[in-house]
Amino acid sequence: MRLLFVGDVVGRSGRNAISDILPGLIADYGLDLVVVNGENAAGGFGITEEICQDFLDAGADVVTTGNHAWDQREALVFIERQPQLLRPANYPPGTPGRGATVAIARNGARVLVVNVMGRVYMDALDDPFAAADRELNACPLGSMVDAVVVDMHAEATSEKQAMGHYLDGRASLVVGTHTHVPTADYQIFDGGTAYLSDAGMTGDYDSVLGMEKDEPVNRFLRKIPTARFQPALGEPTLCGVAVEVNDSTGLAEAIEPVRIGGRLAEALPTFW
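Numbering (our numbering), first residue to last: 2 to 273.
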């Protein structure tokens, strides 16, 4: 089974990368399941129903979020009728939406996708490790589903790595999001779980984390906001990670980065 996870989509530039690049990747490389983190897709802050549907129409099977899940207030409403859009599972009970879903891959496999958010330098949500346990215990790899993908939306790489090791052998992929910078530590842990600290962002890298440079630089220099953050609109790079999953065990056999377009060096998996 071929899985593709696409990192945080930022603004119009990132959305264009999804619509322009993703359908071709699915067709050319026979991708079975695609997960896209879309929490910065609407002007850099949150996601709208229209944008979520655009991602699904382009071939995404599940859209995850994070700390910007509710920046577009309409998300509080439409997430209830959109089972393919996730918010972190460790939000308190009663929060709209869901933190996990089972998607049917193009090869017919059942894939559990879980979205959790870290607590180090982030909002103080419920325990993400307990939340991940709850979702994976309810739908364990090998008996209930054929693969498991966990989006660990967190600031601290230590917390992401801890989650990866904690779920080793129980998930096909644990991938970090949120920091918008692709890391080089892709690997397969001893128990068979593929891991990457951050998938990077899908957007314009001639920016500060996807935003036009002037205002973020000014705030570091002067500590005074002078304008709103605006997404950069240059040529985007689609960033993410590809995983080859064993059909029998549901564990990873290969993991490599994906980078297409824009300013970053291109990377395509050798197993595609």
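Built from N, CA and C at the ideal position, the CB exists for glycine as well.
Predicted model only: the values in this text are computed from it and were never measured.
Nearest-angstrom Cα distance between residue i and residue j?
| i | j | result |
| --- | --- | --- |
| proline 94 | aspartate 134 | 16 Å |
| threonine 158 | leucine 168 | 15 Å |
| arginine 16 | phenylalanine 56 | 8 Å |
| glutamate 156 | leucine 4 | 24 Å |
| glycine 192 | aspartate 147 | 16 Å |
| aspartate 58 | arginine 223 | 43 Å |
| valine 244 | isoleucine 256 | 4 Å |
| proline 183 | valine 242 | 9 Å |
| glycine 262 | leucine 113 | 30 Å |
| alanine 61 | alanine 18 | 13 Å |
| glycine 177 | lysine 161 | 6 Å |
| alanine 228 | proline 270 | 40 Å |
With 16 as the cutoff for other CB atoms within 10 Å, does residue i come out buried or exposed?
| i | result |
| --- | --- |
| aspartate 215 | exposed |
| phenylalanine 272 | exposed |
| isoleucine 105 | exposed |
| proline 89 | buried |
| glutamine 73 | buried |
| serine 144 | exposed |
| aspartate 199 | buried |
| threonine 221 | One point to set straight first is that residue 221 is phenylalanine, not threonine, in the sequence displayed. Its Cβ having fewer than 16 others within 10 Å, phenylalanine 221 is exposed. |
| glutamate 1 | Limits of the chain in this structure are 2 at one end and 273 at the other, which puts residue 1 out of reach. |
| glycine 45 | buried |
Report the three-state DSSP secondary structure of residue i (helix, strand or coil).
| i | result |
| --- | --- |
| arginine 120 | coil |
| phenylalanine 6 | strand |
| leucine 137 | helix |
| proline 232 | strand |
| glycine 39 | coil |
| alanine 28 | helix |
| glycine 12 | helix |
| leucine 239 | strand |
| tyrosine 196 | strand |
| threonine 271 | coil |
| glutamate 156 | coil |
| glutamate 245 | strand |
| glycine 165 | helix |
| glutamate 75 | coil |
| glutamine 54 | helix |
| isoleucine 22 | helix |
Going by alpha carbons, who is nearest to residue i out of the options?
| i | options | result |
| --- | --- | --- |
| tyrosine 206 | Ala163, Thr238, Phe130 | Thr238 |
| phenylalanine 190 | Asp127, Thr203, His166 | His166 |
| glutamine 231 | Gly263, Gly241, Pro217 | Pro217 |
| alanine 132 | Ala163, Gly235, Gly100 | Gly100 |
| leucine 174 | Val182, Gly45, Tyr196, Gln73 | Tyr196 |
| glutamate 254 | Thr194, Ser144, Asp29 | Thr194 |
| threonine 180 | Met153, Glu51, Met145, Ala172 | Met153 |
| asparagine 108 | Leu34, Ile256, Ile80, Ala163 | Leu34 |
| methionine 202 | Glu40, Tyr187, Ile80 | Glu40 |
| methionine 118 | Leu126, Arg111, Val112 | Leu126 |
| threonine 65 | Val36, Phe46, Ala28, Ser249 | Val36 |
| glycine 204 | Val10, Met2, Val115 | Val10 |
| valine 150 | Asn116, Phe130, Asp128, Ala139 | Asn116 |
| alanine 42 | Ala28, Pro270, Asn247, Gly211 | Gly211 |
Below 8 Å on the Cβ atoms is my contact criterion, and I expect residue i with residue j to pass it. Report the Cβ-Cβ distance as a whole number of Å.
| i | j | result |
| --- | --- | --- |
| asparagine 68 | methionine 123 | 6 Å |
| glycine 251 | leucine 142 | 5 Å |
| valine 259 | alanine 266 | Rounded, the Cβ-Cβ distance is 12 Å, inconsistent with contact. |
| leucine 234 | serine 20 | With 8 Å as the limit, leucine 234 and serine 20 do not qualify as a contact, their Cβ atoms being about 15 Å apart. |
Could you check whether the Cβ of residue i sits closer than 7 Å to any heavy atom belonging to the ligand FAD?
| i | result |
| --- | --- |
| alanine 268 | Within the structure as shown, the ligand FAD is missing, as the structure has no ligands at all. |
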